[in-house]
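The opening residue of the sequence shown carries number 3 in the numbering used here; numbering runs sequentially from there.
Backbone N, C-alpha and C define an ideal beta-carbon position, used for all residues, glycine too.
Take a look at the structure below.
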Amino acid sequence: MAANLPALSGGQLVVASLRAHGVEMAFSVAGESYLEVLDALFDAPEIRLITCRQEGGAAFMAEAYGKLTGKPGVLLVTRGPGACNASIGVHTAFQDSTPMVVLVGQVARHQIDREAFQEVDFRKMYAPLAKWVTQIDMAERVPELLNQAFQVATSGRPGPVIVALPEDMLRDTAAVGVVGPYRAVRAHPGAQDLAELRRLLAAAERPVVMVGGSGWDDPACADIGRFIEASDLPACCSFRRQDIVDNRLKGYLGDLGTGAAPALVARIRAADLVLAVGARIGEITSQSYSLLGIPDPGKTLIHIHPAAEELGRVFRPTLAIQSGMPEIAAALAALDPIANPRWAAWRREARGEYEAGLQPSKLGEAPALDLGRVMMWLRERLPDDAIITSDAGNFSGWPNRFLQYRRPGRQLGPTSGAMGYGAPAAVAASIASPGRIVVGFCGDGGFMMTGQELATALAEGAAPIILIFNNAMYGTIRMHQERRFPGRISGTALKNPDFPALAKAYGAFAAQVARTEEFAPAFEEAVAARKAAVIELVMDPEMISTRTTLSAIRRQAELAKA
Ligand SMILES: Cc1ncc(C[n+]2csc(CCOP(=O)(O)OP(=O)(O)O)c2C)c(N)n1
Ligand SMILES: [Mg+2]
């Protein structure tokens, strides 16, 4: 068989394998360590190569692509320096369970362990950051190991896989066939598990469903919605996973993020059954591991997750089911509904609390730019298929609390809490879905970490609308500072550039909004511009979160000290 195959270089085999696995897009920052791969891409126009400006941004773009499409985000970076820059996106893909395949250039095989130029042992460096790390030392093994990379990245709990490519291996030739496409392996729930799940649920009085994690496609989201509706169940979501359940369903209760509604937190504490579907129930979602007892949750816990290792980790479930999300959602949708459930009033009251929370809290005199009202306007304005991306920071409390999602609308945010995610994720989402409105929510701090990917947006004709919430500080940390060390501001004040001028220099549409009534026209102009846009929101620094003000926090802290 090999006799009939042409001899291809390792670099050509890498690209042939990417094609065989159906890769349509790859994000990169070039390096001389993988010239053969770049050259082979020259002959593969069906793979769109996105040239990015910093590997941190490129890695966030690949991660956001993976989160949006469910297909592995492919990232190409060079040896040590490129790989080090990219690590924040790899860590995010790991914590967020996002499929990703990272191809990293490596020094020639005969130089390894000399600390050659830019040499890093990627197996060691990425050990706690990636799901799997490999190095391809023989060109003839490229098809085998890339197939394994795609399988591992997408199967069970998805995650990032690192593939190191020694530069001399990429020049070697081999006459071997490539294989693909990958087929993600996911577990199915068994009939006995489902019967027990239904029996436990039927016995409950105050149940709460908690959806989360990755691996949800639109049909799976529709199925979980049917299940929730059929038995009139209340349902919340884990941190930054607000797009799984249609937020308009009468069972939807909101999210368990950093600014979770106190009423929702109280509901979960009072629940007698938690049905967690896909969520790891991590530190943020579990409100610093305080929502459930450890290891005995103190209530019935049904935990469903794609990875066996996550079941029984931290919390000991009453019933653990290993399953992919489409598989469990279809099974739950087909389950006999629970007729006349005892929790009808419990669900109704909890939904009432969520709806009340959609109205902005009264926090004294309304500021000139009332972000609560801006968010209420956006909630009405955004179409059902809008894609919202978010950075990490206190500003994210506004979209998280006040916006609503319904598929195909999406929320792409770093559950890893990585600053710098919002802008590149919006660029990637807009490249991948050119017809859709993409709004990227960023703080002034986070935007300055990766905002240079605006250049990538302009180069690629992408049209994300980036909102910069400018409070001239690392607001989240300032808030913690005021709580612990009131009035002692250290390392959190920021002197920012002129954001509209900066955006214009990139060729983007730019506007500054300082008053509530200026937002709607600026947003409409940004949509009409059909190119990358930046809107700076000039904040009253007092508005530190949707629920309190900076001086209220300081006063409380001072009182507590006195
Ligand atoms: C890469 C990274 N560095 C540092 C942090 C710690 N951190 C969390 S939020 C935050 C401040 C965010 O500032 P900004 O983007 O301006 O948003 P704000 O909180 O002011 O709304 C910092 C420094 C982090 N999460 N990620
Ligand atoms: Mg800020």
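- Here Trp379 carries a helix assignment [DSSP, helix/strand/coil].
- For Asn473, the number of other beta carbons within 10 angstroms of its own is at least 16, and it is reported as buried.
- CA-to-CA, the gap between Pro145 and Arg318 works out to about 41 Å.
- The alpha-carbon of Ala428 is positioned some 15 Å away from that of Ala420.
- Shown here, Asp220 sits in a helix according to DSSP, grouped into three states.
- The three-state secondary structure of Thr391, taken from DSSP, is strand.
- In this structure, Asn396 keeps its C-beta atom at 8 Å or more from the C-beta atom of Gly493.
- Here Glu484 really is in contact with Leu552; their C-beta atoms are around 6 Å apart, less than 8 Å.
- Relative to the non-hydrogen atoms of ligand 2, the Cβ of Asp123 never comes closer than 7 Å to any of them.
- Within the model, the alpha-carbon separation for Gly24 versus Gly445 is close to 36 Å.
- Counting along the chain, Arg412 sits inside the beta strand (DSSP E) bounded by residues Arg412 to Leu414.
- Gln454 carries a helical assignment under DSSP once its states are collapsed to helix, strand and coil.
- In the DSSP assignment, the residues bridged to Met102 are Gly75 and Pro162.
- If you draw a straight line from the Cα of Lys252 to the Cα of Phe404, it is about 16 Å long.
- The closest CA to that of Ile330, considering only Ile468, Ile226 and Arg21, is found on Ile226.
- Within the same chain, Leu321 come within 7 Å of Glu198 by CB-CB distance, once the 5 residues on both sides are set aside.
- In this structure Ile390 is buried. Its beta-carbon is surrounded by 16 or more other beta-carbon atoms within 10 angstroms.
- In terms of Cα proximity to Gly217, the closest of Leu360, Arg188, Gly447 and Arg228 is Arg188.
- Here DSSP, grouped into helix, strand and coil, assigns Arg50 to strand.
- DSSP places Trp348 in the uninterrupted alpha helix (DSSP H) bounded by Ala346 to Gly359.
- Distance from the Cα of Phe449 is smallest, within the candidate group Arg408, Pro502 and Asn402, for Pro502.
- Not one heavy atom of ligand 2 falls within 7 Å of the beta-carbon of Met421.
- Contact between Pro221 and Pro328 holds, since their C-beta atoms are separated by about 7 Å, short of 8 Å.
- Arg350 and Gly509 have their alpha carbons spaced roughly 50 Å apart.
- For secondary structure counted as the alpha helix (DSSP H) over 4 or more consecutive residues, the segment 198 to 274 holds these complete runs in sequence order: 220 to 232 and 264 to 272.
- Beyond the five residues adjoining it in sequence on each side, Ser89 comes within less than 7 Å, by CB distance, of Leu131 in the same chain, given in chain order.
- Residue environment: His93 is assigned as buried (16 or more neighbouring CB atoms within 10 Å of its CB, all protein chains considered).
- Less than 8 Å divides the Cβ of Ala18 from the Cβ of Val180.
- By the Cβ neighbour-count rule, Ile296 is exposed, with fewer than 16 other Cβ atoms within 10 Å of its own.
- The DSSP-derived three-state label of Asn498 is coil.
- Only residues of its own chain outside the window of five on either side were considered, and among them Cys238, Ala263, Leu266, Tyr356 and Gly359 have a CB closer than 7 Å to the CB of Gly256, listed in chain order.
- Contact between Val515 and Val536 does not hold, since their C-beta atoms are separated by about 11 Å, which reaches or exceeds 8 Å.
- Looking at the backbone, the Cα of Gly489 and that of Ser547 are separated by about 18 Å.
- Closer than 7 Å to some heavy atom of ligand 1: that describes the Cβ of Gly477.
- One Cα belongs to Pro209, the other to Leu275, and the distance between them is close to 5 Å.
- Taking a cut-off of 8 Å for Cβ pairs, the segment 121 to 137 and the segment 33 to 43 do not touch, as fewer than three such pairs fall below it.
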